[in-house]
Amino acid sequence: MMDTPIGIIYGDVRPTLVNCSVVGNIRQGDYVKIKHHEVGWVLGRVDSIEAKTNLSIEKSYEIMNGKEVQVEQSITSQIIIIGYRDERGLIQTPRTPFAAGTPVFSADDDFISNVLNLGVGKKGRAYIGLVYHHEIPYTIDINSMVQKHISVLAKTGGGKSYLTGVIIEELMKNDVTVLIFDPHGEYESMKYPAKYNKEMDRFKVTPRGYPEKIIKISPEKGDVDLRFTLSQINIKELLGLMNLSDPRSYFVPLRKAVDSLRLKSVEYDLDDIIKELKQIDDSSLSQTLERELRYLKSLNIFSKKGLKIDEIIKKGKVSVIEMKGIPPDVQQFIVERLLYVLFEARKKDKIPPTLVVVEEAHNFAPQQGKSLSSKIMRTVASEGRKFGFGLLVVTQRPAKIDKNVLSQCSTQLILKVTNPNDLKAIANSVENITSTSVDEIQRLPIGVALATSPELPIPLFIEVRPRETDDGGKNIRVV
Ligand SMILES: Nc1ncnc2c1ncn2[C@@H]1O[C@H](COP(=O)(O)OP(=O)(O)O)[C@@H](O)[C@H]1O
Ligand SMILES: [Mg+2]
Numbered sequence: 051m052m053d054t055p056i057g058i059i060y061g062d063v064r065p066t067l068v069n070c071s072v073v074g075n076i077r078q079g080d081y082v083k084i085k086h087h088e089v090g091w092v093l094g095r096v097d098s099i100e101a102k103t104n105l106s107i108e109k110s111y112e113i114m115n116g117k118e119v120q121v122e123q124s125i126t127s128q129i130i131i132i133g134y135r136d137e138r139g140l141i142q143t144p145r146t147p148f149a150a151g152t153p154v155f156s157a158d159d160d161f162i163s164n165v166l167n168l169g170v171g172k173k174g175r176a177y178i179g180l181v182y183h184h185e186i187p188y189t190i191d192i193n194s195m196v197q198k199h200i201s202v203l204a205k206t207g208g209g210k211s212y213l214t215g216v217i218i219e220e221l222m223k224n225d226v227t228v229l230i231f232d233p234h235g236e237y238e239s240m241k242y243p244a245k246y247n248k249e250m251d252r253f254k255v256t257p258r259g260y261p262e263k264i265i266k267i268s269p270e271k272g273d274v275d276l277r278f279t280l281s282q283i284n285i286k287e288l289l290g291l292m293n294l295s296d297p298r299s300y301f302v303p304l305r306k307a308v309d310s311l312r313l314k315s316v317e318y319d320l321d322d323i324i325k326e327l328k329q330i331d332d333s334s335l336s337q338t339l340e341r342e343l344r345y346l347k348s349l350n351i352f353s354k355k356g357l358k359i360d361e362i363i364k365k366g367k368v369s370v371i372e373m374k375g376i377p378p379d380v381q382q383f384i385v386e387r388l389l390y391v392l393f394e395a396r397k398k399d400k401i402p403p404t405l406v407v408v409e410e411a412h413n414f415a416p417q418q419g420k421s422l423s424s425k426i427m428r429t430v431a432s433e434g435r436k437f438g439f440g441l442l443v444v445t446q447r448p449a450k451i452d453k454n455v456l457s458q459c460s461t462q463l464i465l466k467v468t469n470p471n472d473l474k475a476i477a478n479s480v481e482n483i484t485s486t487s488v489d490e491i492q493r494l495p496i497g498v499a500l501a502t503s504p505e506l507p508i509p510l511f512i513e514v515r516p517r518e519t520d521d522g523g524k525n526i527r528v529v
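Start counting the sequence shown at 51; every next residue gets the next number (my numbering).
Structure representation (structure tokens):
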């Protein structure tokens, strides 16, 4: 492989970007190595590739008319210089240009892995997939995931939940404690193994379920009931969960009823409030209130006994908060309440270090507009790292999620994105990303992602490994 160069450096040469005339077989995205006269072998990547021809538009008409025309073509590529590892193992780029005329060679997997610092074989790392077009495993340091947050971005159907499932499998293998806010009910399926397919061999994956790891917390038919007590919620918040055109006008009657209940007992439920309302006031206001209280009751998440912290979080397990069928404002309430309580518990070391997965995160921390959970999302994003309380933020709208939250995610996994505003948000938030890479994000096939992290000298295209567990997103579409 080493013997034949794939091209020669020509033209204007910079230390970080070179032109290469192409003679061999290379494609956009390929890794190459070039010997620098001061520092030795340096890793680069083909950023763009272009064929220049001498065929004029006039001559092209001649071809149309059946004439034979000689076309001369030369292929040229632009190579981004990634760098080399110095004696201390730090990534460096040469500080003087390469010599024009230097040959460019295809880079072997060992060299790529070494310079990119992929930590192959190191412990405590999550195996996410393979470097695109190579057999090199791509892994993420698990501690840094919990301490420095991570985001998964793609358009709808881009494979976010699938990839998030891959990450969670790795966390389960490493006994990391996880909480998932699951608005679509896609994650319980991780109890069960995936069906075997041939692709799994290439990635060295075998089907496996994790029934002993997953705890489903849901309003009904869960391993644990999702329940909140009304004493944890004030009148204003309770009104906020109702579908009322003028919530303020209901404040006084509702407060009266709740105050009088509180005198009688610390524990009360929605039925008790309805009864109390009937006794103290029988106006049309109370009738509307009653209707809304009955609606909240139908959600089956309020009761006299709420969830205890040790029911929500169990060391080394994955708690799935299933919120399917729950209206968005109530989902925000659930996220707000649980995140708040758990973050406080984590600060006091009452629960182990935990990674919290927030699917559809743009709904829970929107850039514009209000969400009950915005404030706590922002707090956890900015302070969670100090306490080992990490976020895995999943969203199809990078442009619509709170920048303060997204910018705190130091590792980003980006699958196919096509919306121009979302692409702009990504281009602005990812360091070191080239315009060609942003362009490529629009055309990524399913299962290919661009990975960025402080560990990587340059954003990297990777192929997501197959799931070990059953992919719940697929099941939803079948039903
Ligand atoms: N890496 C992958 N390999 C195979 N199938 C995938 C992969 N990623 C996604 N899919 C499939 O593509 C579909 C959409 O994926 P999903 O994760 O639900 O998308 P999103 O959560 O972004 O809307 C699902 O049917 C899923 O099984
Ligand atoms: Mg999804």
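C-beta atoms are modelled at their ideal positions from N, C-alpha and C, and glycine is treated no differently.
Per the Cβ contact rule, the region 224-238 is not in contact with the region 488-502 (fewer than 3 Cβ pairs under 8 Å).
Take L291, set aside five residues on each side of it, and the residues of its chain with a beta-carbon closer than 7 Å to its own are L346, D379, V380 and F383, in chain order. From the listed residues G438, G169, K248 and E270, the smallest Cα separation to K374 is found for E270.
Under the 8 Å Cβ criterion, the region 298-312 does not count as touching the region 346-366, having fewer than three qualifying pairs. A Cβ-Cβ contact shorter than 8 Å links T189 with L168. With distances taken between CA atoms, P297 lies nearest to L335 out of L335, H184 and S211. In this structure, V170 lies away from I192, with their beta-carbon atoms at least 8 Å apart. Sixteen is the threshold: since fewer than 16 other Cβ atoms of the shown chains lie within 10 Å of the Cβ of T146, the residue is exposed.
By the Cβ rule, the region 465-473 does not count as touching the region 146-162, because fewer than three pairs are nearer than 8 Å.
Residue side-chain check: Y237 keeps its Cβ at 7 Å or more from all non-hydrogen atoms of ligand 1. Boundaries of the alpha helix (DSSP H) around R252: E249 to F253. Relative to the non-hydrogen atoms of ligand 2, the Cβ of K263 never comes closer than 7 Å to any of them.
The count of Cβ pairs closer than 8 Å, one atom from the region 83-99 and one from the region 130-144, reaches three, so the stretches are in contact. Of all alpha-carbon atoms in V89, E249 and V202, the one lying nearest the alpha-carbon of R517 is that of E249.
In the structure shown, T189 adopts extended strand secondary structure according to DSSP, grouped into three states. The beta carbon of D322 sits closer than 7 Å to those of L311, all from its chain and outside the five residues before and after it, given in chain order.
For K210, the shortest C-beta to heavy atom distance toward ligand 2 is below 7 Å.
A residue is called buried when at least 16 other Cβ atoms come within 10 angstroms of its Cβ; K241 meets this threshold and is buried. Of the candidates Q123, L405, L203 and S333, the residue whose Cα lies closest to the Cα of A101 is Q123. P509 has its alpha-carbon roughly 14 Å from the corresponding atom of N478. Boundaries for P303: no beta strand (DSSP E) harbours it, while the alpha helix (DSSP H) harbouring it runs F301 to K314, taken from the DSSP string. Assignment of beta-bridge partners to Y177 by DSSP yields T189. Scanning T279, L276 and S299 for the CA closest to the CA of K286 turns up S299. Ranked by how close their Cα comes to the Cα of S281, the residues D319, S110, V73 and K254 have D319 in first place. By the 16-neighbour rule on beta-carbons within 10 angstroms, Q329 is exposed. Distance between K325 and S333, taken at the CA atoms: about 14 Å. Bounds of the beta strand (DSSP E) holding S124 are Q123 to R135. Annotation for N69: the continuous beta strand (DSSP E) segment containing it runs L67 to V72. The three-state secondary structure of H412, taken from DSSP, is helix. Cβ contact annotation for R135 (same chain, cutoff 7 Å, sequence separation greater than five): I141, N164 and V165, in chain order. Here K266 carries a strand assignment [DSSP, helix/strand/coil]. Each residue's CA atom was taken as its position, placing G209 and R515 some 12 Å apart.
Under the criterion of beta carbons closer than 8 Å, P448 and L456 qualify as touching, at roughly 7 Å.
Bounds of the beta strand (DSSP E) holding Q462 are T461 to I464. Between R396 and G366, the C-beta gap is not smaller than 8 Å, which leaves the two residues out of contact. Its chain contains Y134 and P144 as the residues whose beta carbon lies nearer than 6 Å to that of V89, once the 5 sequence neighbours on both sides are disregarded; these appear in chain order.
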